[in-house]
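In our numbering, the protein residues as written are 211 to 516.
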Amino acid sequence: MKVLVLTEKPFAAAAVQGIREIVEGAGHEFATLEKYTERAQALEAVKDADALIIRSDKVDAEVMDAAPNLKIVVRAGAGYDNVDLAAATARNIVVMNTPGQNANAVAELCFGLLVFAVRKFYTGAAGSELMGKRLGILAFGNVGRNVSRIAKGFGMEVWAYDAFCPKDVIEAAGVHAVDSQDELFRECDVISLHIPATPETKQSINRALCSTMKKGAVLLNTARKEVINEAELLALMEERTDLRYVTDIKPDADADFAAKCEGRYFSTPKKMGAQTAEANINAGLAAARQISDFFATGNTRFQVNK
Ligand code: 3PG
211 MKVLVLTEKP FAAAAVQGIR EIVEGAGHEF ATLEKYTERA QALEAVKDAD
261 ALIIRSDKVD AEVMDAAPNL KIVVRAGAGY DNVDLAAATA RNIVVMNTPG
311 QNANAVAELC FGLLVFAVRK FYTGAAGSEL MGKRLGILAF GNVGRNVSRI
361 AKGFGMEVWA YDAFCPKDVI EAAGVHAVDS QDELFRECDV ISLHIPATPE
411 TKQSINRALC STMKKGAVLL NTARKEVINE AELLALMEER TDLRYVTDIK
461 PDADADFAAK CEGRYFSTPK KMGAQTAEAN INAGLAAARQ ISDFFATGNT
511 RFQVNK
């Protein structure tokens, strides 16, 4: 079987080497297409692939149709909104993710961004501290849990809301569980987003929700740009000049945010949350093992299009 690592944003070299060793060790052929700039390159590269290891690379019906041998796609990471699951299912292609493997990397970046924000983007102006402030974690999955662990080290008061995780599970992690997203936004000094991009969550971080945020609150997004209603958030931030928005996913309206919310807005130039050697190795090697195992035994434990 041919396993193609298809990554516009490349893994660390050590991760690629580790993937190669697992793939070849299992008797499969290994190939890569990294840092590609044109979709045509991806369409050409997949044509004889049996398996793909991807990151945020878009795998839609067109890619699948260009890959007639394709049997499995593993998203080395958590969010799989970049894969057309219905198209995959219709073609009997198994789609998996590698949950949790890059969660610590994303959680650590949250605090890098947060300290940067509350210290006035290192301009020399007096900022504020995180100790004693209330952090609201929206969705208590793998990243949210890691964020709560680190926040306690900063001496923050940690609250969370998750529509699917029972309150007692959140409380057992030493985190105050609230009854609604509205309560979280209303009561916390910092809101950290860890929801996936789904039909229910897209555009859900809107004016109605954000307008209830406390004076001087920080909205931190290391999830997906699609969950934000950009036009409404931008309009609100023009009125509420106390609000701050810090994101690891450049908004479509990046230039407008930068121009209209100077000193209160920051976006990383490219999504950096999972971009560590450790996360690349964890997620990349997990993907390679899942593919080898799938071909050897039919194991579909991490399948997301069942
Ligand atoms: C994820 O969903 O795992 C993260 O957003 C990481 O995405 P990336 O692989 O594109 O860095």
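Just so you know, even glycine gets a beta-carbon here, dropped at the ideal spot from N, CA and C.
Given the structure is predicted, the values throughout are model-derived calculations rather than measurements.
- For residue 458 and residue 366, the gap between their C-alpha atoms comes out near 22 Å.
- Contact annotation: the stretch 427-442 touches the stretch 402-409, with at least three C-beta pairs closer than 8 Å.
- For residue 353, same chain residues with a beta-carbon under 6 Å away, outside a window of 5 residues either side, are 313, 316, 317 and 404 in chain order.
- By the beta-carbon neighbour count (other beta carbons within 10 angstroms, threshold 16), residue 376 is exposed.
- In the three-state DSSP reduction, residue 371 falls in the strand class (E or B).
- Take residue 214, set aside five residues on each side of it, and the residues of its chain with a beta-carbon closer than 8 Å to its own are 241, 242, 243, 255, 256, 259, 261, 262 and 263, in chain order.
- Put simply, of 374, 341 and 302 the residue whose alpha carbon is nearest the alpha carbon of residue 351 is 374.
- The Cβ-Cβ distance between residue 357 and residue 320 falls below 8 Å.
- Judged by DSSP secondary structure, residue 402 falls within the beta strand (DSSP E) whose first and last residues are 400-403.
- Distance from the Cα of residue 328 is smallest, within the candidate group 428, 485 and 511, for 428.
- Put simply, the residues with a CB less than 6 Å from any heavy atom of the ligand 3PG are 219, 265, 266, 287, 288, 289, 312, 481, 483, 484 and 485, in chain order.
- The shortest CA-to-CA distance from residue 222 to any of 495, 389, 348 and 470 is the one to 495.
- For residue 479, the number of other beta carbons within 10 angstroms of its own is below 16, and it is reported as exposed.
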